[in-house]
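Undergrad: Residue numbers (the numbering used here), protein chains in the order written: chain A, 4 to 481; chain B, 4 to 481. The following block contains the structure, expressed as structure tokens.
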């Protein structure tokens with residue numbers, strides 16, 4: 004951990020990998036492809052969980068838990084699903100000292116076991132809707148690990164709902180996309196673009212997949228959450244049927260939606276800088292850190308008294324505060340340490356501050372003197388609370404400006420090729436899946452989404468020259 | 004779900020199995036031995052998690068997440084550990100479409116992967132202590148399932164700590180036992196006996212195992228949580244070493260402690276009755292349910308207005324309240340339904356209550372008229388809050404009296420044999436592990452623990468006649 008953090012512009016990839024380790028967010032597990040989420044990273048995830056869980060419950064969902072083991076045969080019941088997930092499965096063949104009659108897969112996602120179970124639970128329209136969410140981990144075998152972005156096991160939530168009508172399922176799919184958008188924008192300070200996936204990027208087994216797409220600091224895209232309208236595909240594969248009010252047997256309509264620890268990668272890559280993480284105040288494990296400054300035992304007494312009093316006041320005011328009273332470390336070392344870990348604000352208290360009844364208050368998102376002010380100790384809770392709101396808003400605005408500045412509108416393929424090397428391309432699209440595949444082959448860029456927010460008119464496709472195109476966002480993606 | 008709940012005295016086992024399903028706590032998973040925890044059961048578990056997590060954080064612990072996959076070779080590093088867990092392992096042999104070079108086990112518990120990782124993380128005394136807790140699920144292969152009590156995959160927390168000295172590890176082990184005891188007594192309303200396990204019942208790899216033991220409604224014992232002093236066993240097996248202040252390399256001292264969804268089984272079996280669950284107010288997903296009573300639309304209007312107003316008031320007062328406004332169900336059906344699900348209190352509002360500005364308030368733990376009173380709508384929040392406190396205290400007291408009434412003090416083996424058919428036997432014990440094994444063989448009773456609360460004197464062993472015995476609790480156990 005003694006090596007310096009490489010600069011973001013120099014090598015974004017290396018900057019990311021080093022930062023995750025140095026900021027104590029996560030570590031590599033002993034099995035290739037696995038991740039240990041360390042306490043600081045998990046505290047961030049717990050805040051993310053709470054922010055989402057509150058929204059899930061407010062929209063009528065309940066949590067539950069389903070087994071991690073799924074009979075291998077279940078995966079094969081939905082044709083597209085098996086094609087999509089088979090190559091990534093981890094398989095349990097032995098248990099309790101014996102070979103199993105049927106191998107079990109460790110869930111890559113739970114649509115199949117949910118389908119099997121809902122078929123048991125649902126008899127009549129009175130049993131609908133079922134609105135369940137699971138917080139768990141899933142396994143998709145990966146050899147090239149990138150912490151938080153691509154690991155064999157990752158943590159997420161998966162919502163699974165069943166409805167009586169197509170309309171209700173469509174409403175649910177969009178409602179949960181709205182929940183994700185609201186969370187991303189307001190809590191992560193990430194200006195995501197909500198939209199629909201193209202056929203090529205759809206979830207294996209879905210009729211329609213919606214997504215929120217974000218631009219990272221290296222101008223690549225990251226899919227930060229998805230919401231799938233599964234139509235009747237899983238209902239037919241697993242026989243989820245209900246008797247309607249006319250006593251007719253009907254297939255259900257189902258949805259699923261998920262958001263994972265991958266968003267921690269997004270927070271790092273959207274907001275971080277050469278000094279380290281910058282965490283959005285709403286989600287940061289510590290919203291402010293208090294660093295005492297003194298040169299002698301004589302100074303230490305009154306400084307620590309003020310530090311501890313202010314720490315108690317901030318905590319009582321509902322601010323997540325850390326008092327850094329570590330011995331044998333200089334204030335400068337502590338500043339760097341908490342900047343690396345992305346704590347949004349810092350309170351410094353020295354002898355002069357004690358005398359003046361003031362503190363120095365620094366904001367992480369504005370480096371150096373420009374981000375530092377001297378404020379009164381009286382009313383510090385309100386001052387810090389206001390600063391945190393300002394930081395949250397400024398982070399969102401900065402990310403939005405960055406995305407806008409790096410979103411291009413090429414009119415034909417040559418300028419498109421340049422555009423996707425350097426950000427998002429916003430273009431009219433009327434091509435075929437084969438056209439899309441060719442573009443991916445040639446540029447590595449894919450359709451991230453058709454934004455929900457479409458211009459009223461349609462336009463001429465930049466690639467095929469066909470009229471009637473929808474607005475699409477192309478980008479190279481994580 | 005239409006079949007009646009069998010009475011507890013008639014067939015305790017069948018009563019339990021039926022109740023878990025009928026009260027919507029859990030269901031069987033498709034793979035033999037697995038469990039689905041349904042929303043009502045998971046809401047109970049979430050309350051248990053919060054009650055424990057608060058205590059873990061107050062004692063300085065942080066949450067983290069470790070991978071579920073452990074290289075098979077890790078399990079073999081600690082000799083007693085491998086002997087204890089090998090027969091129960093689920094093994095992943097294939098992943099990503101290929102046979103793995105080394106099979107992976109799905110964690111049965113995480114001491115080994117923790118040991119491997121702490122060895123990397125700990126260099127110096129400054130890195131200690133490590134105080135980490137994990138909320139996850141683990142797999143121990145079981146074929147004879149009993150929901151919550153014995154399933155192949157179960158949910159729990161596992162704490163894993165590393166310390167510089169034996170004294171600190173001993174303190175931690177006992178501190179976490181105290182945390183479990185406090186939680187069990189004050190939140191679950193279960194008067195557990197904290198004590199130490201005999202050698203035969205110790206965790207595989209521990210120097211000392213402490214436990215909290217509870218008496219179920221059928222007078223059998225259930226181990227509700229354990230705290231292990233692992234000494235230097237795992238530190239030596241995984242090379243967890245630190246440089247002390249004198250620059251000498253030392254092995255760490257480690258502990259682990261766990262409590263699982265099995266305690267939901269304990270809550271059911273300690274408190275439940277022939278009508279169903281009785282949930283302790285501190286943990287109940289709903290602490291009170293409001294049932295409207297009306298015969299006509301004319302009555303419905305004012306009744307529902309009062310019901311909704313009272314519902315808002317109770318919720319605003321911090322009481323977890325459910326308004327049961329389901330149509331087409333009679334009040335009597337709803338009473339039975341919520342009694343089955345163990346909601347601690349019930350508010351009934353009919354036309355006469357509206358006229359009198361009163362409600363009927365029933366407590367679940369006292370059946371029939373004796374448990375029902377008419378109280379004013381004014382101040383209902385305080386009235387319900389007080390009632391919930393009374394119920395919580397009464398449930399604990401009732402369970403304590405039941406345990407005392409069924410704890411026997413046999414003086415010799417013949418009366419011991421009778422005693423353990425009918426409750427706990429509190430006896431002086433100075434026997435050998437072989438003696439203990441023989442008693443288990445002959446009576447199915449084991450030493451549940453040597454209670455921490457020992458008489459000052461020692462006594463003559465009921466079995467061997469030897470002097471110097473410690474007080475032990477023997478019982479048949481789940």
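Each residue gets a CB set at the ideal place from its N, CA and C atoms; glycine is no exception.
Against chain A, does residue 111 of chain B count as a neighbour if the rule is that its beta carbon must be under 8 Å from one of theirs?
TA: No, because no Cβ of chain A sits closer than 8 Å to the Cβ of residue 111 of chain B.
Undergrad: Are the Cβ atoms of residue 352 of chain A and residue 310 of chain A separated by less than 8 Å?
TA: It is a contact, given that the beta carbons lie within the stated cut-off.
Undergrad: Which residues in chain B sit within 9 Å of residue 71 of chain A, going by Cβ to Cβ distance?
TA: Correct list: 37, 71, 109, 140, 142 and 156.
Undergrad: For residue 19 of chain B, which three-state DSSP category applies?
TA: Note: residue 19 of chain B maps to helix in three-state DSSP.
Undergrad: Classify residue 418 of chain A as helix, strand or coil using the three-state DSSP reduction.
TA: Three-state DSSP puts residue 418 of chain A in a helix.
Undergrad: What three-state label does DSSP hand residue 183 of chain A in the structure shown?
TA: The answer is helix: DSSP assigns residue 183 of chain A an H, G or I state.
Undergrad: Let's test the definition: count the other Cβ atoms within 10 Å of the Cβ of residue 209 of chain A and tell me whether it reaches 16, buried, or not, exposed.
TA: Answer is buried; the Cβ neighbour count reaches 16.
Undergrad: On a Cα-Cα basis, can you pick out the residue from B:196, B:404, B:142 and B:222 that is closest to residue 263 of chain B?
TA: Looking at the Cα atoms, B:142 is the closest of the given residues.
Undergrad: Tell me, please, which residues DSSP counts as bridged to residue 431 of chain B.
TA: Bridge partners of residue 431 of chain B: B:474.
Undergrad: Are the C-beta atoms of residue 305 of chain A and some chain E residue less than 8 Å apart?
TA: Any reference to chain E falls outside this structure, whose protein chains are A and B.
Undergrad: Tell me whether residue 290 of chain A is buried or exposed, calling it buried when 16 or more other Cβ atoms sit within 10 Å of its Cβ.
TA: With 16 or more other Cβ atoms within 10 Å, it is buried.
Undergrad: How about residue 347 of chain A and residue 296 of chain A: do their beta carbons lie closer than 8 Å?
TA: For residue 347 of chain A and residue 296 of chain A, no; Cβs fall outside 8 Å.
Undergrad: Would you list, in sequence order, the uninterrupted alpha helix (DSSP H) runs of no fewer than 4 residues that lie entirely inside the stretch 146–195 of chain A?
TA: With a minimum length of 4 residues, the continuous alpha helix (DSSP H) runs that stay inside the stretch 146–195 of chain A are 169–189.
Undergrad: From residue 157 of chain A to residue 248 of chain A, what does the alpha carbon distance come to, in whole angstroms?
TA: Using only the alpha carbons, I get a separation of about 42 Å.
Undergrad: Only counting the same chain, and skipping five residues up and downstream in sequence, which positions put a Cβ closer than 7 Å to that of residue 77 of chain B?
TA: Here the set comprises 115, 116 and 119.
Undergrad: Helix, strand or coil, according to DSSP, for residue 4 of chain A in the structure here?
TA: Here residue 4 of chain A scores only 42 on pLDDT, less than 50, and its place in the model should not be relied on; the value that follows carries that caveat. Note: residue 4 of chain A maps to coil in three-state DSSP.
Undergrad: Does the beta carbon of residue 65 of chain B sit closer than 8 Å to a beta carbon anywhere in chain A?
TA: So, interface residue.
Undergrad: With a 10 Å radius around its C-beta and 16 neighbouring C-beta atoms as the bar for buried, classify residue 390 of chain B as buried or exposed.
TA: Result: buried.
Undergrad: Is it buried or exposed for residue 236 of chain A, if we count other Cβ within 10 angstroms and need 16 for buried?
TA: Looking at its Cβ environment, which holds 16 or more other Cβ atoms inside 10 Å, residue 236 of chain A is buried.
Undergrad: Looking only at C-alpha atoms, which of B:167, B:13 and B:279 sits nearest to residue 246 of chain B?
TA: Comparing Cα positions, the closest option is B:167.
Undergrad: Residue 114 of chain B versus chain A: which residues are under 9 Å apart at the beta carbon?
TA: Within 9 Å Cβ-Cβ: nothing; residue 114 of chain B doesn't reach chain A, min ~14 Å.
Undergrad: Taking residue 283 of chain B as the reference, which of B:99, B:183 and B:392 has the closest Cα?
TA: Of the candidates B:99, B:183 and B:392, the one whose C-alpha sits nearest the C-alpha of residue 283 of chain B is B:392.
Undergrad: Name the residue from B:448, B:468 and B:466 whose alpha carbon lies nearest to the alpha carbon of residue 225 of chain B.
TA: Selected option, being the one with the closest Cα: B:448.
Undergrad: Given this structure, state the Cα-to-Cα distance separating residue 205 of chain A from residue 184 of chain B, to the nearest angstrom.
TA: Cα to Cα, residue 205 of chain A sits roughly 50 Å from residue 184 of chain B.
Undergrad: Going residue by residue through the stretch 254–315 of chain A, where are the continuous beta strand (DSSP E) segments of at least 3 residues, counting only ones entirely within it?
TA: As far as the stretch 254–315 of chain A is concerned, its whole beta strand (DSSP E) runs of at least 3 residues are 256–263 and 291–295.
Undergrad: Could you please give the first and the last residue of the uninterrupted beta strand (DSSP E) stretch that includes residue 348 of chain B?
TA: 348–352 is the extent of the beta strand (DSSP E) around residue 348 of chain B.
Undergrad: What does the Cβ neighbour count give for residue 373 of chain A, buried or exposed, with the cut at 16 atoms within 10 Å?
TA: Residue 373 of chain A comes out exposed.
Undergrad: Would a check of beta-carbon distances place residue 42 of chain B closer than 8 Å to chain A?
TA: Residue 42 of chain B counts as touching chain A.
Undergrad: For residue 13 of chain A, which beta-bridge partners are listed by DSSP?
TA: Per DSSP, none; premise fails for residue 13 of chain A.
Undergrad: Quick check on residue 32 of chain A - is its C-beta less than 8 Å from some C-beta in chain B?
TA: Residue 32 of chain A counts as touching chain B.
Undergrad: Could you check whether the Cβ of residue 45 of chain B sits closer than 8 Å to any Cβ belonging to chain A?
TA: Cβ-Cβ to chain A under 8 Å: yes for residue 45 of chain B.
Undergrad: Any C-beta of chain A sitting closer than 8 Å to the C-beta of residue 97 of chain B?
TA: Yes, because at least one Cβ of chain A sits closer than 8 Å to the Cβ of residue 97 of chain B.
Undergrad: Closer than 8 Å by beta-carbon distance: list the chain A residues that pair up with residue 194 of chain B, in chain order.
TA: By Cβ distance, chain A contributes nothing, its closest Cβ being about 29 Å from residue 194 of chain B, past 8 Å.
Undergrad: Name the DSSP bridge partner or partners of residue 252 of chain A?
TA: According to DSSP, residue 252 of chain A bridges with A:246.
Undergrad: Keeping to the same chain, check which residues put their C-beta closer than 6 Å to that of residue 327 of chain B; ignore five residues upstream and five downstream.
TA: Counting only Cβ-Cβ distances below 6 Å, and skipping sequence neighbours, we find 292, 294 and 337.
Undergrad: From residue 29 of chain A to residue 133 of chain B, what distance separates their C-alpha atoms?
TA: Roughly 15 Å between the two C-alpha positions.
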